[in-house]
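Novice:
Numbering (my numbering), first residue to last: -1 to 315.
(1) Which residues in the same chain have their Cβ closer than 8 Å to the Cβ of residue 131, if we skip the five residues on either side of it in sequence?
(2) Where does residue 6 fall in DSSP's three states?
(3) Span of the alpha helix (DSSP H) holding residue 54?
(4) So, are the CB atoms of residue 239 and residue 142 less than 8 Å apart?
(5) Starting from the N-terminal side, write out each stretch of the beta strand (DSSP E) that is 3 residues or longer and does not extend beyond the region 147 to 198.
(6) Of the residues 227, 244 and 252, which one's Cα is nearest the Cα of residue 237?
(7) Would you check if the region 116 to 125 and the region 209 to 216 touch, i.e. whether three or more CB-CB distances between them fall below 8 Å?
(8) Within 10 angstroms of the Cβ of residue 302, are there 16 or more other Cβ atoms? Answer buried if so, exposed if not.
(9) Taking 8 Å as the threshold (C-beta atoms), are residue 273 and residue 263 in contact?
(10) Which residue or residues does DSSP assign as beta-bridge partners of residue 237?
(11) Do residue 57 and residue 165 have their CB atoms nearer than 8 Å?
(12) Could you give the first and the last residue of the continuous alpha helix (DSSP H) run that contains residue 276?
(13) So residue 106 and residue 178 are supposed to be a Cβ contact under 8 Å. How far apart are they, rounded?
(14) When you compare each of 64, 47, 157 and 87 to residue 233 by their alpha carbons, which one comes out closest?
(15) Quick one, which of 304, 277, 308 and 293 has its alpha-carbon nearest residue 32's?
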């Protein structure tokens, strides 16, 4: 009996280690595979390209990590990106600040609506955000239509410029990741978020502002999705509401779950989310370099989610 108990303890310890560090092991493994298949794939220029391409997914994943930390989900992030890119060129006539403010404002508005539906009305997160996933995309197409080139010097410079040889958008993503990590680990709100995700009923009985926490989390998710929409628009130098943000919710959820944040809430791992986003980007690039279709990437992402969820379930049982 003692030996069996010890064996179970070792299994739980191994499962916990795998959940906490598996994403880093997988990241190193995919880099080694890429190096073996194509040494130039991991050259500084190629890695710089990967950094630029991962930025929108990473920014969206930061907001998704906060939502999942409360045992929620936000499927509307792709539509928020589409709405941001649709509205941005319409208001650039008021200056870059005015256009960006409107784009970010729509993200805040959608996030507030999501939070209100979940926290006040009591709608399940997947249902509330699914409605805005469909409706938001349709509204973005009505507002923005097809792709439009953007000729704004300031915005285009931000999308393609550098600071000490580091792209502006990469610097922005790093700053946002640091701020979200600080929010989760060093603030009262972060502790409340984790408590609400761990046990919402107990949090209510303890007097925590559960509704306010939930609404704030969805607002932050919407805001970060809008930021990702602005960044992607600046990088592409074009507004494409019919394409921008499609399936990004899958990539973001995968990055968060693979990074060690459980779908059951009560825990948020920002560094793991960053690593998960890079892992998804490298997997996609590797498959594309091997002339495989994007649909294969989506199936691989789905398989990774299943494995990550299984590891989490094994840890909890």
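Backbone N, C-alpha and C define an ideal beta-carbon position, used for all residues, glycine too.
Specialist: Let me spell this out:
(1) The sequence position of residue 131 within the chain shown is 133, counting from 1. So the list reads 73, 74, 76, 77 and 247, once near-sequence residues are dropped.
(2) Locating residue 6 in the chain shown gives position 8, where the first residue counts as 1. Its pLDDT being 49, under 50, residue 6 is placed unreliably in this model, and the value from its coordinates should be taken loosely. Correct three-state label for residue 6: helix.
(3) Residue numbering aside, residue 54 sits at position 56 when the chain shown is read from its first letter. Residue range 42 to 67 is occupied by the alpha helix (DSSP H) that includes residue 54.
(4) Within the chain shown, the letter at position 241 stands for residue 239. Within the chain shown, the letter at position 144 stands for residue 142. Yes, the pair counts as a contact, with Cβ atoms nearer than the cut-off.
(5) none
(6) Residue numbering aside, residue 237 sits at position 239 when the chain shown is read from its first letter. Closest option to residue 237, Cα to Cα, is 227.
(7) yes
(8) The residue given as residue 302 occupies position 304 in the chain shown. Residue 302 should be labelled buried.
(9) Residue mapping note: residue 263 aligns to position 265 of the chain shown, counting from 1. Residue mapping note: residue 273 aligns to position 275 of the chain shown, counting from 1. No, the pair does not count as a contact, with Cβ atoms beyond the cut-off.
(10) Here residue 237 corresponds to residue number 239 of the chain shown, with the count starting at 1. Answer by DSSP bridge pairing, in chain order: 146.
(11) By 1-based counting over the chain shown, the position of residue 57 is 59. By 1-based counting over the chain shown, the position of residue 165 is 167. By the CB criterion at 8 Å, residue 57 and residue 165 fall outside the cutoff.
(12) For this step, residue 276 is matched to residue 278 along the chain shown. According to the DSSP assignment, residue 276 belongs to the alpha helix (DSSP H) that extends over 268 to 287.
(13) Translated into positions along the chain shown, residue 106 becomes position 108. Translated into positions along the chain shown, residue 178 becomes position 180. Residue 106 to residue 178, Cβ: 16 Å. No contact.
(14) Within the chain shown, numbered from 1, the residue matching residue 233 stands at position 235. Nearest option by C-alpha distance: 157.
(15) For this step, residue 32 is matched to residue 34 along the chain shown. Ranking the options by Cα distance to residue 32, first place goes to 277.
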